[in-house]
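Residue numbers (the working numbering): 52 to 507.
Even for Gly, the Cβ is constructed at its ideal location relative to N, Cα and C.
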């Protein structure tokens, strides 16, 4: 009987596998593919509708190209196209924002999933070590038990009568009986110990199966997350490319608008209407800039950061033979102009401003820098520097902005070159000073109260 038990336990031992694992908590479901995101789908629908409208409008323009069209009609058509493009830009901006959020979240999930996988692998290694130790103990117990069974078999099992007849007296009989009892109890203990070790190994085996399944699930999840991330990043790249194309298209349409306006009689209703449209466009940007300053800039009374090395005196932002072609607070036609336009002239009075450098009027932090060559509501490439104490300077129409958002610049440091981007009739630097008051309001103030033209 004892042999049969030992043999059965030995078979169990040989049948088990040395493995281990632990259960892992469930992880939130990953994002679906891009096409399954309802918000992005709706944005795509609206974008495509506008794309069809633009295509239809361009077809109409092509169909009527041979017919006589008034400048006012051309301006209306261009205005419609610009409006459609700008709506598309708003959609693309929203889409890019959603995609950036998705990508950030996915990267966090991927990092978490990788952490889960590392944790599972670490726990598997620990249980494998425990399994190896348990197997070693089982082998030792099995060897001891088999040796005892072999000894018992070779000597034969002594009956009570044999013990009594072979004993010379009762003392000897009871002594032998006690020894046999102890041996039997030891054998039982060995069998119980081996049985417990087999059960422990069975539990480890079950733990491994569950953990292997969890590990495979995590790997599948990670693969899905990586695929979704790649799709999101591809969509983001495509959306950014489309955004830049639309910005370029808007710039082109505005240039066409300016060309038509130049052909209009300045006393005509069409001209006045076009100028009002441009003023409205500029005011949109001005309000956006004021809102941005309210949200991100220092306020009057704030102490400038020491890294600005702010000496309290602004320098004129352009060097050389400079001239102010338009001043604050209005153009010659009476429309609002919240800065000064600076050009560089040669000895013959020619405008040689293009690609001439311009400089930070004072030390500060760049809080906004756009260098995409787009219209940007008329400012083209431009940047804003916060000098502390609520004072900002703005530099517009640049051919190339050489600083980036968050960068600290010093007084006199080159921050760009003069250009004619945005709503510009020729190369010049548009320079403004704005002040954010302690109550959060933003004033567009006279720049010449802060800087003076060294050539005047």
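Tell me, please, which residues DSSP counts as bridged to residue i.
{"i": "residue 402", "result": "396"}
{"i": "residue 465", "result": "410"}
{"i": "residue 440", "result": "Paired residue(s): none; residue 440 is not in a bridge."}
{"i": "residue 446", "result": "434 and 482"}
{"i": "residue 487", "result": "493"}
{"i": "residue 364", "result": "Per DSSP, none; premise fails for residue 364."}
{"i": "residue 373", "result": "395"}
{"i": "residue 421", "result": "433"}
{"i": "residue 470", "result": "479"}
{"i": "residue 460", "result": "415"}
{"i": "residue 381", "result": "387"}
{"i": "residue 21", "result": "Missing from the structure shown is residue 21; the chain here goes from 52 to 507 and no further."}
Taking all protein chains shown into account, do 16 or more other C-beta atoms lie within 10 angstroms of the C-beta of residue i, making it buried, or fewer, making it exposed?
{"i": "residue 165", "result": "exposed"}
{"i": "residue 386", "result": "exposed"}
{"i": "residue 103", "result": "exposed"}
{"i": "residue 334", "result": "exposed"}
{"i": "residue 425", "result": "buried"}
{"i": "residue 325", "result": "buried"}
{"i": "residue 380", "result": "exposed"}
{"i": "residue 92", "result": "exposed"}
{"i": "residue 489", "result": "exposed"}
{"i": "residue 431", "result": "buried"}
{"i": "residue 317", "result": "exposed"}
{"i": "residue 467", "result": "buried"}
{"i": "residue 444", "result": "buried"}
{"i": "residue 83", "result": "A caution first: residue 83 carries a pLDDT of 38, below 50, which makes its placement in the model unreliable, though a value can still be read off. Burial call: exposed."}
{"i": "residue 250", "result": "exposed"}
{"i": "residue 360", "result": "exposed"}
{"i": "residue 158", "result": "exposed"}
{"i": "residue 517", "result": "Nothing about residue 517 can be read from this structure; the chain reaches only from 52 to 507."}
{"i": "residue 417", "result": "buried"}
{"i": "residue 99", "result": "exposed"}
{"i": "residue 368", "result": "buried"}
{"i": "residue 450", "result": "buried"}
{"i": "residue 11", "result": "Nothing about residue 11 can be reported from this structure: the residues present for the chain run from 52 to 507 only."}
{"i": "residue 278", "result": "exposed"}
{"i": "residue 392", "result": "buried"}
{"i": "residue 509", "result": "The requested residue 509 does not occur in the structure, where the chain is confined to residues 52 to 507."}
{"i": "residue 429", "result": "buried"}
{"i": "residue 146", "result": "buried"}
{"i": "residue 298", "result": "buried"}
Once you ignore the five residues that flank residue i on each side, which residues in its own chain have a CB closer than 8 angstroms to its CB?
{"i": "residue 366", "result": "410, 412, 413, 462, 463 and 502"}
{"i": "residue 500", "result": "484"}
{"i": "residue 388", "result": "377, 378, 379, 380, 381 and 382"}
{"i": "residue 154", "result": "280, 283, 284 and 287"}
{"i": "residue 121", "result": "321"}
{"i": "residue 476", "result": "309"}
{"i": "residue 77", "result": "Note on residue 77: pLDDT 36, under 50, position unreliable in the model; no value is reported."}
{"i": "residue 353", "result": "439, 440 and 441"}
Considering only residues of the same chain and omitting the five flanking positions on each side of residue i, which have a CB-CB separation below 7 angstroms?
{"i": "residue 465", "result": "408, 410 and 453"}
{"i": "residue 355", "result": "361, 438, 439 and 440"}
{"i": "residue 149", "result": "90 and 91"}
{"i": "residue 307", "result": "129"}
{"i": "residue 127", "result": "none"}
Excluding the 5 residues preceding and the 5 following residue i in the sequence, name in chain order all residues of the same chain whose CB lies nearer than 6 angstroms to its CB.
{"i": "residue 125", "result": "311"}
{"i": "residue 300", "result": "136"}
{"i": "residue 106", "result": "none"}
{"i": "residue 415", "result": "359, 436, 437 and 438"}
{"i": "residue 273", "result": "164"}
{"i": "residue 330", "result": "386"}
{"i": "residue 394", "result": "374, 376, 402, 404 and 479"}
{"i": "residue 294", "result": "143"}
{"i": "residue 86", "result": "Reliability fails at residue 86, whose pLDDT of 49 lies under 50, so the model's placement of it is uncertain and the value that follows must be treated cautiously. So no residue of the chain qualifies."}
{"i": "residue 422", "result": "432 and 452"}
{"i": "residue 474", "result": "429"}
{"i": "residue 168", "result": "269"}
{"i": "residue 350", "result": "441, 487 and 489"}
{"i": "residue 481", "result": "390, 392, 447 and 448"}
{"i": "residue 491", "result": "345"}
Residue i CB to nearest chain B CB: under 8 angstroms?
{"i": "residue 250", "result": "Among the chains of the structure shown, chain B does not appear; only one protein chain is present."}
Any 3 or more C-beta pairs closer than 8 angstroms across the region 260 to 272 and the region 283 to 297: Touching, no, given that fewer than three Cβ pairs across the two stretches are closer than 8 angstroms.
Could you tell me which whole beta strand (DSSP E) segments of length 3 or greater appear in the region 138 to 188? List check, beta strand (DSSP E) in window: nothing returned.
Report yes or no: do three or more beta-carbon pairs, one from the region 337 to 346 and one from the region 390 to 406, lie closer than 8 angstroms? Judged by Cβ distances under 8 angstroms, the region 337 to 346 makes no contact with the region 390 to 406, as fewer than three pairs qualify.
Ignoring anything shorter than 3 residues or poking outside the region 286 to 331, list the beta strand (DSSP E) runs there in chain order. Along the length of the region 286 to 331, whole beta strand (DSSP E) runs at least 3 residues long do not occur.
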